[in-house]
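Here this note's numbering = 1-based position in the sequence shown + 16. A short worksheet on the structure shown next.
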Amino acid sequence: MSSPNTGAPEAARVKKLPYWVFGVIVIGYLAIIQGGGLLVTRIGDVDESFVTTRDVIYNMWIPLGSALIYTYAIVAVLGWWRPVLREPKRVQRWVMVVPIVLVVCTLAAIDYADLADKTIGYVLVLFIATQFVGWGEEGMFRGIGVVTLRSHGLSEGKVALWSSLVFGAVHLSNAIGHGAQAIPQALAVSFAGYFFYLTRRVSGGNALNSVLHGLFDFSLLSGTVILVDQDPYVGSLAAILAYLVIAAILLVRRHRIELPTAGA
């Protein structure tokens, strides 16, 4: 009896995608977000803030929505709907603690007081915008990226490592608008990428990690971008706590993540 963790039959049906092609796909994704964002800012005559509903629509909805459409258009062209959206290589059930900790800390990190001062329309528009981020980035990196790496026969450890590093590296493009602070952000994002990767594997698909990714970004933005002439929201430290708690748990139980192999 084969192990439920192999996913071999499904992997065999996926055509190998050259790394350079994946690189071109990622560059196209970044070009839409970064280049499109700059273009929309000029055309819409808005600054780079997210204080108003109009700001969020121009600075987030248009470039991120376009990137989301681009991502799943690529999935459709490749014919990868099943391998991108469904996860055949499961992990032990206790790993569900990863998304649980993310949910708890994310809900604690949301700046409810400042959001209450905004209109319901603004909150909904910001929430949808961050879901664009979650579904777009997870579709690109935990979806297309993971499937690409697996199509080359990499071990799951290498798939986890390289998909997370690539995810972090692409965030260095934020240096265009934010300078050197993009470097520590890229490092933090690499760790987050691994957490979302595990969420994909324990949940059996790419939906839960996509929703949580968007919610995580919503919590961070709620305590930063909507503030005007105020100190950052201290509740955002809950996001850092999530990193520390999950990292500690995974370090202790690192040898008990994968399902036992058949006959073990």
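From the three backbone atoms N, C-alpha and C, an ideal C-beta is built for every residue, glycine too. Nothing here was measured: the structure is a model prediction, and the numbers come from that model.
Asked	Found
Check whether L118 and A258 have beta carbons under 7 Å apart	yes
Buried/exposed call for A92, threshold 16 Cβ in 10 Å	exposed
Residues that E274 bridges to, as DSSP identifies them	V107
Beta bridge counterpart(s) of G221 as assigned by DSSP	R102
Inter-residue CB distance, Y45 and A83 (contact presumed, cutoff 8 Å)	6 Å
Under the three-state DSSP convention, the category V30 falls into	coil
Sequence-distant residues of the same chain with beta carbon closer than 6 Å to E103, five excluded per side	R216, R217, G220 and G221
Euclidean distance between Cα positions of I41 and Y86	9 Å
CB of L80 within 7 Å of CB of F148, strictly	yes
Three-state secondary structure (DSSP) of V241	coil
Sequence ranges, alpha helix (DSSP H) only - wholly within the stretch 125-211, length at least 4	128-132, 136-153, 162-167, 172-186 and 191-194
Per-residue burial, R166 [other beta carbons within 10 Å of its own, 16 or more giving buried]	buried
Range covered by the alpha helix (DSSP H) that runs through T69	T69 to V72
Own chain, CB closer than 7 Å to L181, minus 5 neighbours either side, in chain order	S206
Where F66 sits in the DSSP three-state scheme	coil
Selected residue, minimal CA-CA separation from S171, among H187, E274, R29 and W77	E274
Selected residue, minimal CA-CA separation from G150, among K105, M76, C121 and P276	M76
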